[in-house]
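Inspection log for the structure reproduced underneath, given as structure tokens.
Chains as they are written, first to last, in our numbering: chain A, 1 to 169; chain E, 1 to 307.
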């Protein structure tokens, strides 16, 4: 065996690790300037009707416990630093799901004096869930897509250049 | 040979692997029952195991301000305390692997070790949420510890022994829940307080203080605290069902009685909303402690007059 090709036990451990990550997703919810529409839909996703606990998804309060950061809304100038800080507080491996049209492009808030832009201009985003607001089914589907990407070993996104700093103050 | 046997005792049965797996199994039963009461499908059977493996594989962030030795030692002490307590209880209905006169007191102290570790961990990480959580956890410890201890004292007084194994044998001849119903209720609710289950989850109330004392813990440390709590759940259920529900004589009676107790606890978790910390303390000292004390006085008088 050469040093580069993984040993059998390494493959097995990798499989178990991926399986555990797929089946236990703890999320933390961050509102970076949303109108609250998407937040209500996220809360609806957690209600008994949709019951995401059957997929192993749980909402946690502390970013230190979380695997997935669910961001809603455009990133306002005030929320930008907090968003970065929350992201940095999460332990690796971490994933970001951006929910709603505003978090993808700025939506109706695009060009506002206090809005810096979309979420992926600040932190790397794994899954985009469009909609204004997206239905709970769409949010669950987005998370399932994140799981599928994880399983296929899709390359992670890289941080894009920060344009928020270039906006006139 | 003796070393091998002790290694087996510590790593496989009754401490170690068996205990961890049992703890996860019981945690799943609890979560599933609560989910069913809320009209949900609930988690799948391997959920606690997947959670534990995932947390093990995650990064452990050490906040800059903490004392690193304490930060890494506390989860280990918590899990060790809970597993050591398992050595003295009739787990799965077998005779306890280790036993001496007065092991009831030692077990109770070992069982409160995880809570003290959580309190210290909250103080050590010194985030504002973990500090409030730690204060609440320790306040709650002072509230439920004495009534819980008094509630387990009743069977010990009746059996005339401080040895858990002997009390278990005595309890097999009669169901002490019939003669000491107050003690049973206080012990059951005390166990819920010990495990910080919903009516008494003010120390980790996630709607107010993020995640309580464990806010800054991630990865391995968090997983060890969680597993320590699951082990505490199994040991506590074993203790209460051995003392009050007619003793544990085998695996069948162990599973039946402890799961019945767990069912009762899940019902109460679903029924009640969270108490404020002052309500918790008031409940224990105004009602729990006094009722149990009255019962103990009655037991002592009864034993004195009718030997």
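Even glycine gets a Cβ: it sits at the ideal position worked out from N, Cα and C.
No experiment lies behind these values; they were computed from the predicted model shown.
- One finds 43, 47 and 50 in chain E with Cβ atoms closer than 7 Å to the Cβ of residue 56(A), taken in chain order.
- CA-to-CA, the gap between residue 78(E) and residue 152(E) works out to about 22 Å.
- Measuring C-alpha to C-alpha distances from residue 245(E) to each of 301(E), 170(E) and 192(E) identifies 170(E) as the nearest.
- Per DSSP, reduced to three states, the secondary structure at residue 100(E) is coil, with no helix or strand assignment.
- When secondary structure is reduced to three states using DSSP, residue 98(A) falls in the strand class.
- Under the three-state reduction of DSSP output, residue 60(A) falls in the coil class, being neither helix nor strand.
- Residue 54(E) holds the alpha-carbon nearest to the alpha-carbon of residue 16(A) among 105(E), 178(E), 54(E) and 138(E).
- Here the alpha carbons of residue 103(A) and residue 114(A) stand approximately 15 Å from one another.
- Here the alpha carbons of residue 3(E) and residue 147(A) stand approximately 46 Å from one another.
- The three-state secondary structure of residue 36(A), taken from DSSP, is coil.
- Interface criterion not met: the Cβ of residue 230(E) is under 8 Å from no Cβ in chain A.
- At a Cβ-Cβ threshold of 8 Å, residue 135(A) and residue 53(A) do not count as neighbours.
- Interface annotation, residue 20(A): in contact with chain E, CB-CB separation under 8 Å.
- In chain order, 154, 157 and 158 place their CB closer than 7 Å to the CB of residue 299(E), counting only its own chain and leaving out the 5 sequence neighbours on each side.
- Its chain contains 88, 89, 90, 96, 99, 103, 104, 107, 239 and 242 as the residues whose beta carbon lies nearer than 8 Å to that of residue 164(E), once the 5 sequence neighbours on both sides are disregarded; these appear in chain order.
- Shown here, residue 128(A) sits in a strand according to DSSP, grouped into three states.
- Across the region 40-51 of chain A, CB contacts with chain E closer than 8 Å involve 48 and 51, in sequence order along the chain.
- The continuous alpha helix (DSSP H) containing residue 148(A) extends over residues 136-152.
- The C-alpha of residue 68(E) is placed about 51 Å away from the C-alpha of residue 174(E).
- DSSP places residue 114(A) outside any alpha helix (DSSP H), giving it a letter other than H or E.
- Sixteen is the threshold: since fewer than 16 other Cβ atoms of the shown chains lie within 10 Å of the Cβ of residue 112(A), the residue is exposed.
- In this model, residue 128(A) and residue 141(A) are separated by some 11 Å (Cα to Cα).
- Rounded to the nearest whole angstrom, the C-alpha separation of residue 226(E) and residue 109(E) is 19 Å.
- For residue 207(E), the closest of 60(E), 129(E), 82(E) and 51(E) by C-alpha to C-alpha distance is 129(E).
- With 16 or more other Cβ atoms inside 10 Å of its own Cβ, residue 28(E) counts as buried.
- At least one CB of chain E lies nearer than 8 Å to the CB of residue 65(A).
- For residue 86(A), same chain residues with a beta-carbon under 8 Å away, outside a window of 5 residues either side, are 28, 30, 63 and 69 in chain order.
- In the DSSP assignment, residue 19(A) falls within the alpha helix (DSSP H) that extends over 8-23.
- Taken atom to atom, the span from the alpha-carbon of residue 58(A) to that of residue 6(E) is near 39 Å.
- In the same chain as residue 195(E), and ignoring 5 residues on each side of it, the C-beta atoms closer than 8 Å to its own belong to 229, 232, 233 and 236, in chain order.
- Note on geometry: alpha-carbon atoms of residue 118(A) and residue 79(A) lie some 12 Å from one another.
- Taking a 10 Å sphere around the C-beta of residue 186(E), we find 16 or more other C-beta atoms and assign the residue as buried.
- If you check the CB distance, residue 143(E) and residue 114(E) do not come in under 8 Å.
- With its beta carbon at least 8 Å from every one in chain E, residue 10(A) lies outside the interface.
- Pairwise C-beta distances place the region 116-134 of chain E out of contact with the region 262-280 of chain E, as fewer than three of them are shorter than 8 Å.
- Taken in chain order, the members of the region 20-38 of chain A whose beta-carbon sits within less than 9 Å of a beta-carbon on chain E are 20, 21, 22, 23, 24, 25 and 26.
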